[in-house]
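**Student:**
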Amino acid sequence: MELRHLRYFLAAAEELHFGRAAETLCVTRPAVSQTVSDLETELGVKLFFRHAQKITLTSAGEAFQRDLRILMSDLGRAVETTRRIGSGKTGNINVGYGSLSLLHPAFRATVKGVRRQYSEIDISLHEMPSSRQIPAVRAGRLDAGFVYVPEGSAWPPGTVSDFMAIDDLDSLELDLGGLAVAMPSDHPLAAQAAVRLQDLANDGLIVVQRSNVTPRLTQLETMCLAEGFSPRVIQEVGNIATQVNLISVGMGIGIVVNSPRMSYPDSVRILPLIGVDLPVRFTLIWRRGAIEPTLATFIEQVKDTLDDVESGQGTVGVMS
Numbered sequence: 002m003e004l005r006h007l008r009y010f011l012a013a014a015e016e017l018h019f020g021r022a023a024e025t026l027c028v029t030r031p032a033v034s035q036t037v038s039d040l041e042t043e044l045g046v047k048l049f050f051r052h053a054q055k056i057t058l059t060s061a062g063e064a065f066q067r068d069l070r071i072l073m074s075d076l077g078r079a080v081e082t083t084r085r086i087g088s089g090k091t092g093n094i095n096v097g098y099g100s101l102s103l104l105h106p107a108f109r110a111t112v113k114g115v116r117r118q119y120s121e122i123d124i125s126l127h128e129m130p131s132s133r134q135i136p137a138v139r140a141g142r143l144d145a146g147f148v149y150v151p152e153g154s155a156w157p158p159g160t161v162s163d164f165m166a167i168d169d170l171d172s173l174e175l176d177l178g179g180l181a182v183a184m185p186s187d188h189p190l191a192a193q194a195a196v197r198l199q200d201l202a203n204d205g206l207i208v209v210q211r212s213n214v215t216p217r218l219t220q221l222e223t224m225c226l227a228e229g230f231s232p233r234v235i236q237e238v239g240n241i242a243t244q245v246n247l248i249s250v251g252m253g254i255g256i257v258v259n260s261p262r263m264s265y266p267d268s269v270r271i272l273p274l275i276g277v278d279l280p281v282r283f284t285l286i287w288r289r290g291a292i293e294p295t296l297a298t299f300i301e302q303v304k305d306t307l308d309d310v311e312s313g314q315g316t317v318g319v320m321s
């Protein structure tokens, strides 16, 4: 049984006339009549009563027509859905991000843009540190991830290797930044253009546990001891968003990642660290050779968003 048999039957059932059905299908009358006869033979039942000037449906034909209409409607929807998925206009995508991503306009504007322009793409966002996103993308648990990757030999030993190099993944660089100090906007040092690490010797530090893009406590201690003082950690928190919020209310200061495009709350002052050159790259990653149409649409949206950010059009709300 072919799809053609079903289409010819439905046309004949609607018109109750082989000739008019043939006109609707743009085929000859004998083609319709023979195709319906072949279908009846295959099914082993009579679908039409043949009369001199018309045809009528048998009870079996009526039942077949009713069920076939539902089947063809479902088939039409399946074809349309398949085409839309193939074009990248609908589907599901799992995207990883860290709390630091929320501070970057490329991430915020991309999510907003996809939701606005592609309402049939369901984005599932999964918050996790970059070091967990990378193996999740590699294993296919995430389709893509927004990660911050330390770069260069200047980082303390072990930091970059912890990230499991992403050379086997495809990536799109979104920004390049480095370490800075975050402090309340009314801090005594807030008016300065930049600070040295030793300027922070008397301040209490808020650090992120298991942070992947700021020095771990042992590494921070090494950096501070090299400058002649031991860091005073007053609070350890679970993520960067909490760190920034506590800094904003005057609980202490913290070492954070910053770039010209990142947007911290107005209540937090970000100052460069003189003499600390530890670059951090903000990157979108995905599995090499595993681009489904929906993911391709998402990547193109990221690229468009990045162009807007670079031209100053892509700023979307600052985290508060």
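The sequence shown begins at 2 in the numbering used here and counts up one residue at a time.
Idealized CB from N, CA, C, for every residue including glycine.
Given the structure is predicted, the values throughout are model-derived calculations rather than measurements.
#1: Apart from the five residues on each side of it in sequence, which residues of its chain come closer than 6 Å, Cβ to Cβ, to Asn-240?
#2: I'd like the ranges of any alpha helix (DSSP H) spanning at least 4 consecutive residues and lying wholly in the region 98-154.
#3: Give a yes or no on whether the C-beta atoms belonging to Ile-271 and Asp-204 are separated by under 8 Å.
#4: When DSSP labels each residue in this structure, what does Val-319 get in the three-state scheme?
#5: Buried or exposed for Pro-261, please, with buried defined as at least 16 other CB atoms from any protein chain shown within 10 angstroms of its CB.
#6: If we count the other Cβ atoms within 10 Å of its Cβ and call it buried at 16 or more, is Asp-1 buried or exposed?
#7: State buried or exposed for Asp-144, treating a residue as buried only when at least 16 other CB atoms are found within 10 Å of its CB.
#8: Do Thr-295 and Leu-175 have their C-beta atoms within less than 8 Å of each other?
#9: Could you give the residue range of the alpha helix (DSSP H) that holds Gly-20?
#10: Which residues bound the beta strand (DSSP E) around Ala-181?
#11: When the distance is taken between beta carbons, is Leu-221 closer than 8 Å to Val-208?
#12: If you check the beta carbons only, do Ala-14 and Leu-58 fall under 8 Å apart?
#13: Return the first residue and the last residue of the beta strand (DSSP E) that Thr-57 is part of.
**Tutor:** To lay it out plainly:
#1: As a working mapping, residue 240 is identified with position 239 in the sequence shown. Closer than 6 Å at Cβ, skipping near neighbours: Ser-100.
#2: 106-118 and 131-140
#3: Looking up residue 271 in the sequence shown gives position 270. Looking up residue 204 in the sequence shown gives position 203. Cβ atoms of Ile-271 and Asp-204: not closer than 8 Å.
#4: For this step, residue 319 is matched to residue 318 along the sequence shown. Caution is warranted here: a pLDDT of 36 is assigned to Val-319, below 50, making its placement in the model unreliable, and no coordinate value can be reported.
#5: Here the question's residue 261 lines up with position 260 in the sequence shown. Classification for Pro-261: exposed.
#6: Because the chain here runs from 2 to 321, residue 1 falls outside it and cannot be looked at.
#7: Counting from 1 along the sequence shown, the entry for residue 144 is found at position 143. Classification for Asp-144: buried.
#8: Counted from its first residue, the sequence shown places residue 295 at position 294. Counted from its first residue, the sequence shown places residue 175 at position 174. Contact: no.
#9: Along the sequence shown, one-based indexing puts residue 20 at 19. Element bounds for Gly-20: 19-26.
#10: Looking up residue 181 in the sequence shown gives position 180. 170-185 is the extent of the beta strand (DSSP E) around Ala-181.
#11: As a position in the sequence shown, residue 208 is number 207, starting the count at 1. As a position in the sequence shown, residue 221 is number 220, starting the count at 1. Going by C-beta atoms, Val-208 is nearer than 8 Å to Leu-221.
#12: On the sequence shown, residue 14 is found 13 positions in, with the first residue counted as 1. On the sequence shown, residue 58 is found 57 positions in, with the first residue counted as 1. Yes, they are a contact pair.
#13: Start at 1 with the first residue of the sequence shown, and residue 57 comes out as number 56. Segment 56-58, the beta strand (DSSP E) holding Thr-57.
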